[in-house]
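The block underneath contains the structure these notes are about, expressed in structure tokens.
In this note's numbering, the protein residues as written are 456 to 698.
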């Protein structure tokens, strides 16, 4: 196990610009992670049961890599010890953006990594592409509005597959996901954005909880953790120490 000094020194060098981000390796500094979104971010599975969600399997993967992590937020769910998050069942993207600004959770907890999964409830209202772009842009803006943007990295997730065969719901999911993929590349803060694509065929409706059209089973949450983990690893040289 690294000493406190050994863990802190690389972060100190990074803060001075003496250590290239390309040399970042797991354990150089703490990942202070804010999981943010709606019920899936809270860990809700079938029957409204709220669990550790993807947070525990992701923590295990990151711990195995050598990272020290700290989940932060104003809410707590699940039986894991470090169980904080910013997941609000039923919330839509625009209210989440407004709430993020008004509650000041980014300023309060100063996460250096945010994992965003939101939009499923918007698609239940069948938002169109223009509206999806407007509200998701507002969500990204809310994350990066506070000072210290250079110490903050946001990984945006596409929406999971839905079990319903309703054409409007399926089309909205496709449209919303295309908007997320595009904004990660084109938003003014794109240098601080990454993508976790949950809708590539790796996660299917078979990974949803039994009798549930939206929420993952435990196996589905484990798959989500794999996708988040891959996105974190892919963007590791863009991560920076927390403030």
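Don't be surprised by glycine CBs; every beta carbon is placed ideally from N, CA and C. Since this is a predicted model, take the numbers as computed values, not measurements.
Identity of the residue in 488, 507 and 559 nearest residue 600 by Cα:
559
Please go through the same chain and pick out, in chain order, the residues whose beta-carbon is closer than 6 Å to the beta-carbon of residue 523, but skip the five residues on each side of it.
485
For the beta strand (DSSP E) that residue 509 lies in, which residues bound it at each end?
Neither: residue 509 is in no beta strand (DSSP E) and is coded neither H nor E.
List the endpoints of the continuous alpha helix (DSSP H) containing residue 577.
575 to 578
Suppose the cutoff is 8 Å on Cβ atoms and the five residues either side in sequence are ignored; what does the same chain contact list for residue 476 look like?
Reliability of the predicted coordinates at residue 476 is poor, the pLDDT of 47 falling under 50, and no value is obtained from them.
Cα separation between residue 549 and residue 680?
If you take the alpha carbons of residue 549 and residue 680, they lie about 25 Å apart.
How many whole angstroms separate the CB atoms of residue 654 and residue 632, which I take to be in contact at a CB cut-off of 8 Å?
Indeed, because the Cβ distance is near 5 Å, the residues count as touching under 8 Å.
Check residue 612 in the structure and name its three-state DSSP category.
strand
Would you say residue 570 and residue 490 are within 8 Å of each other, going by their C-beta atoms?
yes
Given that a residue counts as buried once 16 or more other Cβ atoms are within 10 Å of its Cβ, and exposed if not, what is residue 460?
Note that residue 460 has pLDDT 48, beneath the 50 cutoff, so the model's placement of it is unreliable and the number below is only indicative. So residue 460 ends up on the exposed side.
Answer yes if the region 652 to 668 comes into contact with the region 609 to 620, meaning at least three C-beta pairs across the two stretches below 8 Å, and no otherwise.
Output reads yes: the region 652 to 668 touches the region 609 to 620.
For the alpha helix (DSSP H) containing residue 540, name the first residue and the last one.
No alpha helix (DSSP H) holds residue 540; the beta strand (DSSP E) holding it covers 539 to 542.
Could you check which residue in 608, 508, 624 and 636 has the C-alpha nearest to that of residue 493?
508
Given residue 512 as reference, the closest of 646, 503, 591 and 682 once Cα atoms are compared
682
Look up residue 658 in the DSSP assignment and say whether it is helix, strand or coil.
coil
Measuring CB to CB, does residue 638 end up less than 8 Å from residue 585?
no
Environment of residue 703 [buried if 16+ CB atoms lie within 10 Å]
Because the chain is modelled from 456 through 698, residue 703 falls outside the range shown and cannot be assessed.
Output the boundary residues of the alpha helix (DSSP H) element that contains residue 623.
622 to 641
Can you give me the C-alpha to C-alpha distance between residue 533 and residue 521, rounded to a whole angstrom?
23 Å
Candidates 499, 515, 505 and 575, of which the one nearest residue 628 by Cα
575
Among 526, 678 and 670, which has the Cα closest to the Cα of residue 656?
Per the Cα distances, 678.
Is residue 519 buried or exposed, if buried means 16 or more other CB atoms sit within 10 Å of its CB?
exposed
Using the rule of at least 16 other Cβ atoms within 10 Å of the residue's Cβ for burial, across every protein chain shown, is residue 697 buried or exposed?
buried
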